[in-house]
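Contents: one structure, followed by commentary.
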Amino acid sequence: MTKPITTRTRRRRRARIIAPVRRRFGLRTRLTLTFALGAAVLSAVLAFITFGLTRQNLIDQRQSSSVARAFANADRLSVELPYASTPIMVNRDLNSLSHPNDANAALANAGRWYATDPAAFTQIEIPVSLLEMVSGGQAATMRTDVKGSTQLIVGVPVPNLDAHYYESVPLADLQRTLDGLAWTLLISSALTTVAGALIGYWASRRVFAPLLDVGTAAGAIAGGRLDTRLPEGVDVDLDLISKPFNEMAQALEDRIERDARFASEVSHELRSPLMTLAASIEVLENTRDDLPERARTALVLLSADIDRLQQLVEDLLEISRFDVGAITLHLEEVLVVELVYQSV
C-alpha cells in the first residue's frame with residue numbers, strides 16, 4: 002500500500018534538492034544570480050509585451066489604411082467601369098488607381114479577371130473563404146502566403162456593380178521592421194540582464210559588508226585584541242547585529258580579565274606558602290643523613306613535587322603578567338633540531 006505524500010515529505014525532498022545548490026554557490030553568488038534572473042524575467046516580459054503591442058499596432062495600421070484605400074478605389078471603379086466597354090479600358094482604369102508600388106490590384110468583373118500584374122496576382126492566390134465573403138457582398142481581409150511572401154489581401158465589392166475589387170499588399174517591409182525590433186529588444190534584454198547582475202553584485206557587496214566587519218572583528222578578538230568593537234548607531238537594522246556582538250565581546254573580555262586576575266591572585270597566594278615549604282625542605286635536606294631510609298625517599302619525592310609546583314606558580318605569574326600587559330612577548334625563530342639537541 003503506497004503512503005500519501007505529506008507536506009513534510011515534500012519539504013524534505015525540496016531540501017535535498019536545494020542543499021547541494023546552496024553548498025555549491027555562495028550566498029553572494031546566489032544573490033547576484035537572483036538579481037540577474039529577476040532582470041532577465043522582467044526584461045523578457047516587457048520585451049514580449051512591447052513586441053506584441055507594436056506588432057499588432059503596425060498590422061492594424063497597415064490593414065486599416067489598405068481597407069480605406071480599397072474602398073476608395075472601389076468607389077472610383079463604380080463610377081468609371083460603366084464607361085469601360087473593352088478589356089483594355091478596364092485595365093487602363095485599374096492601373097490608374099492609387100496603390101503602393103509594391104502592391105497589386107485586381108478586379109473580377111463579368112466573369113473575367115483583370116490585374117495590374119496578371120503573372121504575380123491571380124485569382125488562385127486568393128483564399129476561397131475570402132472570395133466567398135466578397136462575393137456575398139461583404140468586405141474582408143486576410144493574411145496569406147503568395148509565392149513565398151506574406152501578403153495582406155483586401156477584397157471589397159464594387160458598389161452598384163457585379164464586380165469585386167482586390168488588393169494584395171506585401172508585408173515584407175513590415176516583417177523587416179518587426180525583425181529589427183525583435184533584435185533590438187533581445188539585445189536590450191541581454192544588457193538589462195547584465196546590468197541586473199552588476200547591480201546584484203554591487204548590492205551583495207553592500208549587504209555583506211557588515212558581515213565582513215563582523216568576521217574581521219571576530220578575528221581580531223581571536224588574535225588577542227579584546228577591545229575590538231563594532232560601530233553602533235550607523236544603521237538601525239545593523240544595530241541588531243552590532244549591539245549583541247559588542248555585548249558578547251565585552252562579556253568575553255570581562256571573563257578573561259577575571260580569569261587572569263584569579264590566576265594572578267592564586268599564584269601570589271601560593272607563592273609564599275611554597276617558599277616556606279621550600280625552606281623547610283632545605284632544612285630537612287641538611288639533616289638527610291640522620292633520617293631513616295623511608296623518610297629520605299619521601300623527602301626526595303616531596304622536594305621534586307615542591308620544585309614542580311614552584312615552577313608552575315612562576316609560569317602562572319608570567320602568564321598573568323602577559324595577559325595584563327605588564328610584559329611583552331618576544332618571538333624568535335629557532336632551529337627545532339638544534340633546540341631539541343641542546344635540550345637533550
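So the sequence shown is numbered by my numbering: it starts at 2 and just counts up by one.
We treat Cβ as the ideally placed atom computed from N, Cα and C, and that holds for glycine.
Model, not experiment: these values are computed from the prediction.
Nearest CA to the CA of Q124: which residue from S130, D118, W114? Ranked by Cα distance from Q124, the options S130, D118, W114 are led by W114.
Buried or exposed: where does D316 fall if 16 or more other Cβ atoms within 10 Å of its Cβ makes it buried? exposed
Taking the alpha helix (DSSP H) that S189 belongs to, which residues open and close that run? 173-223
A75 beta carbon less than 8 Å from that of V159: yes
What is the DSSP secondary structure of V22, reduced to helix, strand or coil? Its pLDDT being 48, under 50, V22 is placed unreliably by the model, and nothing is read from it.
Taking Q64 as part of the alpha helix (DSSP H), name the residues at either end of that continuous run. 28-81
Is any beta-carbon of chain D found at less than 8 Å from that of T178? Among the chains in the structure shown there is no chain D, since it carries only a single protein chain.
Mapping the DSSP letters down to three states, classify I127 as helix, strand or coil. coil
Cα-Cα separation between V22 and R31, rounded to whole angstroms: Because V22 sits at a pLDDT of 48, beneath the cut-off of 50, its placement in the model cannot be relied upon, and the following sentence gives the value as read from the coordinates. Going from the Cα of V22 to the Cα of R31 covers about 9 Å.
Bridge partner(s) assigned by DSSP for V170: L153
Could you compute how far the alpha carbon of A219 sits from the alpha carbon of V237? 21 Å
Start and end residues, alpha helix (DSSP H) containing D94: 88-96
N105, DSSP secondary structure in three states: strand
Between the Cα of A106 and those of R295, F122, V91, spot the shortest distance and give me the residue it belongs to. F122
For R113, the three-state DSSP class (helix, strand or coil): strand
Measuring only the C-alpha atoms, how far is D290 from M276? Taking the Cα positions, D290 is about 23 Å away from M276.
Report all residues from its chain with a CB closer than 6 Å to the CB of R56; omit the five preceding and five following residues, and keep chain order. L179
Quick check on this structure: which residue in H165, A116, A140, P171 has the alpha carbon closest to the alpha carbon of Q152? P171
If you compare alpha carbons, which of G149, S150, I127 is closest to A141? Ranking G149, S150, I127 by Cα distance to A141 puts I127 first.
Please report the distance separating the alpha-carbon of L43 from that of K244. 39 Å
Thinking S79 and L132 are a contact (beta carbons under 8 Å), I'd like their distance in whole angstroms, please. 20 Å between Cβ atoms; not a contact.
Who are the Cβ neighbours of S347 in its own chain at under 6 Å, not counting the five residues just before and after it? Nothing in the structure corresponds to residue 347, since the chain is present only between 2 and 345.
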